[in-house]
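Novice: What follows is a single structure, and I will ask about it in a moment.
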Amino acid sequence: MSALERQYQVEQFYYREARLLDNREYQSWLALIHPEIRYSMPGRSNPMVNNRERGQQDMISVERELEGLDSNGLPIRDENYAILWLRVDRAYKMNSWAENPPARTRRIIGNIEILDDDGDTLQVVSNFHLFYARPGLRDFFYAGQRRDTLIRQDSSFQIRCREIVMDMADINVPTLGLLL
Amino acid sequence: MAINLKELVNSDASLISRRVWSDEAVYQLEKRAIFGKTWLFLGHESQIKSAGDFVQAYMCETPIILARGENGDIHASINSCTHRGLPVCRSDHGNTKRFICPYHNWSYSVDGSLVTIPQERAIKCKPDKRELGLKKVPRVETWRGLIFGSFNEAIEPLEDYLGDMKFYLGAWIDRFPGGIEFIGSPHRWVIDTNWKLPVENQLGDVYHGPHLHASIIAADSEAGIEIDNYAYNVVPTKGHGASFRLMPEDTPTDKIAWGFETPVGQLGSDELKNYLRSVQATAEAQVGPVRARMKGLAYGVYPNLSFLWSNAGFKVSHPRGPNKVEYWSWSVVPADAPEHLKQQLRNNHASFFGPGGLLEQEDSEAWIQQNIGANIDFADDRMLYYGLGLGEETTHPDLPGTVTTGANEYYARAFFQRWREDLLAEVDG
Ligand code: FES
Ligand SMILES: [Fe+2]
Numbered sequence: 001m002s003a004l005e006r007q008y009q010v011e012q013f014y015y016r017e018a019r020l021l022d023n024r025e026y027q028s029w030l031a032l033i034h035p036e037i038r039y040s041m042p043g044r045s046n047p048m049v050n051n052r053e054r055g056q057q058d059m060i061s062v063e064r065e066l067e068g069l070d071s072n073g074l075p076i077r078d079e080n081y082a083i084l085w086l087r088v089d090r091a092y093k094m095n096s097w098a099e100n101p102p103a104r105t106r107r108i109i110g111n112i113e114i115l116d117d118d119g120d121t122l123q124v125v126s127n128f129h130l131f132y133a134r135p136g137l138r139d140f141f142y143a144g145q146r147r148d149t150l151i152r153q154d155s156s157f158q159i160r161c162r163e164i165v166m167d168m169a170d171i172n173v174p175t176l177g178l179l180l
Numbered sequence: 001m002a003i004n005l006k007e008l009v010n011s012d013a014s015l016i017s018r019r020v021w022s023d024e025a026v027y028q029l030e031k032r033a034i035f036g037k038t039w040l041f042l043g044h045e046s047q048i049k050s051a052g053d054f055v056q057a058y059m060c061e062t063p064i065i066l067a068r069g070e071n072g073d074i075h076a077s078i079n080s081c082t083h084r085g086l087p088v089c090r091s092d093h094g095n096t097k098r099f100i101c102p103y104h105n106w107s108y109s110v111d112g113s114l115v116t117i118p119q120e121r122a123i124k125c126k127p128d129k130r131e132l133g134l135k136k137v138p139r140v141e142t143w144r145g146l147i148f149g150s151f152n153e154a155i156e157p158l159e160d161y162l163g164d165m166k167f168y169l170g171a172w173i174d175r176f177p178g179g180i181e182f183i184g185s186p187h188r189w190v191i192d193t194n195w196k197l198p199v200e201n202q203l204g205d206v207y208h209g210p211h212l213h214a215s216i217i218a219a220d221s222e223a224g225i226e227i228d229n230y231a232y233n234v235v236p237t238k239g240h241g242a243s244f245r246l247m248p249e250d251t252p253t254d255k256i257a258w259g260f261e262t263p264v265g266q267l268g269s270d271e272l273k274n275y276l277r278s279v280q281a282t283a284e285a286q287v288g289p290v291r292a293r294m295k296g297l298a299y300g301v302y303p304n305l306s307f308l309w310s311n312a313g314f315k316v317s318h319p320r321g322p323n324k325v326e327y328w329s330w331s332v333v334p335a336d337a338p339e340h341l342k343q344q345l346r347n348n349h350a351s352f353f354g355p356g357g358l359l360e361q362e363d364s365e366a367w368i369q370q371n372i373g374a375n376i377d378f379a380d381d382r383m384l385y386y387g388l389g390l391g392e393e394t395t396h397p398d399l400p401g402t403v404t405t406g407a408n409e410y411y412a413r414a415f416f417q418r419w420r421e422d423l424l425a426e427v428d429g
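In structure tokens:
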């Protein structure tokens, strides 16, 4: 397969995923999820800049703001398939009040870049902008990056690992419990 | 607008006005009467272990630098330069020798003293730097590593202020021979609601659990049944509160040990489960027979600190005006647990609580919706009803304080009785 074809395949996969999520077809979305998934959203804080790293890119790297994945900090989310299943399950219950009425989401996935491909497994980063509105509340805007490990499956992929880096300064949205 | 407190909260606090939750003048009075007078939670010693370590904190809307000084002392200073008032610390946490103010580069040590004024060389009359440090929080005291500050120099000692709340907090903290540790930075998120509602929720609102959270915790779940049979709400001192299940003496270890009832415990490795069992095995020796049978729900320490037992979090509801809070929530683990188990235990908190929490997103939703109801007009003559279980409060030989069943709202009435007293004292001055 050419690099162009591969890029097209990955993009189509993400567009389909986005459509399922925006259409609230979360049960169908679960089929894109590998049973061994690690799905996480690191905490993001504003640590003191290290004086000794002055003049180097590391001084202000995004990585040093993230905490709680393997490091000794607190993630916002760190979930496996069972937890994602719970989230999907509750979306279809009348008494999941945070989703009743359900939110209207519209997401744009872009900057899809394949960083690595060993034949079975791909490392892909992508960006998202998401518009979120629930009747009775204000409208909200979410932006972030997804760092995925995709596993090839027939002619498509499954998501084996997803790390979501959110960009807001203050978390001022109704929930970060969305499927992103 | 003059505030008539007796119209806002009736005498037994079974009726509460919507204005209590939404009025700007009430909020300004709360700042002086409560946040200027009481002990406020700042953080935990495990967040600032070494000299030069600091974290940011708040006392109401006032930004505080909480730091460990050169000699190991704890310092709390207001994060505002004495020259033109800018915040001098611009990070959430870190380790440093100096904070440098951006504007004219006055520098301060972590304990708040002013070290250099760069412009000093160019003037003749040198200012007295000893007088120009950051304003200190006048009273700072700790209990079990929990650090509190107060703007009220005359306030009673922290231990007296906590009173019998120590008995209930200790029921958890003292189970762990090495005490507790706060992991990483807190979750911090902004919710369009009044600061008192998250507080009230944790103070003793046991019975919202199987209703608001029914999509996750059904009423006929084990937790729901235990709450029906064994739940107590205790008010050790008005404004504080502890809710918990006091399990029967023959309860098997796995039904009582801390950490077992969450998915992390349920689905955890054998190693994790054995660790949790080992904590329960020594609980009686650590905290005595009654407290070893306690299986907590949630607590509150007046005015705005909360503690969540099974998902192990400390939370602070920082006001940002009458209709907004910045909620801070830390994951807490036993300090002497193995590091890799701490990483599993922290997920009791992440994913279930915090801004993305499976459970807490329902709470945020309820609090945002309450704020909508608290801001409506033409309903001042229909006060909010806080009367469930009025007059049914009692005592219990083993439990210090006023004791009620889980469904009784005395915990909230007691909070608002104290709230009204505090505000009245400020108005009568
Ligand atoms: S305002 Fe801080 S140095 Fe001038
Ligand atoms: Fe809740």
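Each protein sequence line maps, in turn, to chains F and X.
Residue numbers are given in UniProt numbering: position 95 of the first sequence equals residue 95, and the series is strictly consecutive.
Residue numbers are given in UniProt numbering: position 44 of the second sequence equals residue 44, and the series is strictly consecutive.
Think of the CB as a built atom: it goes at the ideal place given N, C-alpha and C, for glycine as much as any other residue.
#1: Would residue 430 of chain X be called buried (16 or more neighbouring beta carbons within 10 Å of its own) or exposed?
#2: May I have the straight-line CA-CA distance separating X:R139 from X:A76, to the nearest angstrom?
#3: Check each candidate in X:L424, X:A350 and X:G163 and name the one with the smallest Cα separation from X:G241.
#4: Mapping DSSP to helix, strand and coil, what is X:P63?
#5: Helix, strand or coil: which one does DSSP assign to X:H318?
#6: Grab me the residues of X:Y27's own chain with a C-beta within less than 6 angstroms of its C-beta, minus the 5 sequence neighbours each way, in chain order.
#7: Using DSSP's beta-bridge definition, name the partner residues of F:D117.
#8: What would DSSP say about X:Y386, mapped onto helix, strand or coil?
#9: Cα separation between X:P248 and X:R293?
#10: Skipping 5 residues on each side, what residues in its chain have a beta carbon closer than 6 angstroms to that of F:A103?
#11: May I ask you to report which of helix, strand or coil DSSP gives X:F307?
#12: Quick check on DSSP: helix, strand or coil for X:G296?
#13: For the stretch 41-69 of chain F, enumerate the residues whose C-beta is nearer than 8 angstroms to any C-beta of chain X, in chain order.
#14: Chain X beta carbons: is any one of them nearer than 8 angstroms to that of F:P75?
#15: At least one CB of chain F closer than 8 angstroms to the CB of X:W172: is that the case?
#16: Exposed or buried, F:I83, counting other C-beta atoms within 10 Å across all chains shown (16 or more means buried)?
#17: To the nearest whole angstrom, what separates the beta carbons of F:S71 and X:S185, a pair I think is in contact under 8 angstroms?
#18: Taking just the CA atoms, how far does X:S14 sit from X:L399?
#19: Any heavy atom of ligand 1 closer than 7 angstroms to the beta-carbon of X:C101?
#20: Work out the CA separation of X:F244 and X:Y299 for me, nearest whole Å.
#21: Using a Cβ-Cβ distance cut-off of 8 angstroms, determine whether F:A98 contacts chain B.
#22: Determine, using beta carbons only, whether F:R38 and X:L358 come nearer to each other than 8 angstroms.
#23: Which residues bound the beta strand (DSSP E) around F:M166?
#24: Any chance you could list the residues with Cβ under 7 angstroms from a heavy atom of ligand 2, keeping chain order?
#25: What did DSSP end up calling X:G192 once you bin it into helix, strand or coil?
#26: I want to check one thing, is the minimum distance from the CB of X:H84 to the heavy atoms of ligand 1 below 7 angstroms?
#27: How many angstroms separate the CA atom of F:I171 from the CA atom of X:P355?
Specialist: Well, looking at it:
#1: Not covered by the structure: residue 430 of chain X. The range shown for chain X is 1 to 429.
#2: Rounded to the nearest whole angstrom, the C-alpha separation of X:R139 and X:A76 is 9 angstroms.
#3: The shortest C-alpha separation from X:G241 is found at X:G163.
#4: The three-state secondary structure of X:P63, taken from DSSP, is strand.
#5: Three-state result, X:H318: strand.
#6: Closer than 6 angstroms at the Cβ level, and outside the excluded window around X:Y27, lie P322.
#7: DSSP lists F:L122 as partners of F:D117.
#8: In the structure shown, X:Y386 adopts coil according to DSSP, grouped into three states.
#9: Near 7 angstroms, if we compare the C-alpha coordinates of X:R293 and X:P248.
#10: If we look at F:A103 and ignore the five residues flanking it on each side, its Cβ neighbours are Y132 and R134.
#11: Correct three-state label for X:F307: strand.
#12: If DSSP states are grouped into helix, strand and coil, X:G296 belongs with the strands.
#13: Residues passing the 8 angstroms Cβ filter: M41, G43, S45, N46, P47, M48, V49, E67 and G68.
#14: At least one beta carbon of chain X lies nearer than 8 angstroms to the beta carbon of F:P75.
#15: No, its Cβ sits nowhere closer than 8 angstroms to a Cβ of chain F.
#16: Buried, because 16 or more other Cβ atoms sit within 10 Å of the Cβ of F:I83.
#17: X:S185 and F:S71 do not touch by the CB rule: their CB atoms are close to 11 angstroms apart, not below 8 angstroms.
#18: Each residue's Cα considered, the two are about 24 angstroms apart.
#19: The answer is yes for X:C101.
#20: Whole-angstrom Cα-Cα distance: 9 angstroms.
#21: Among the protein chains in the structure shown, which are F and X, there is no chain B.
#22: No.
#23: According to the DSSP assignment, F:M166 belongs to the beta strand (DSSP E) that extends over S156 to M166.
#24: Counting every residue whose Cβ lies closer than 7 angstroms to a heavy atom of ligand 2, we get X:N201, X:H208, X:G209, X:L212, X:H213, X:L359, X:E360, X:E362 and X:D363.
#25: One detail in the question is off: residue 192 of chain X reads as Asp in this sequence, not Gly. DSSP places X:D192 in the coil class of the three-state scheme, outside both helix and strand.
#26: Reading off the sequence, residue 84 of chain X comes out as Arg, not His. Flag set: Cβ of X:R84 near ligand 1.
#27: Distance between the alpha carbons of F:I171 and X:P355 is about 8 angstroms.
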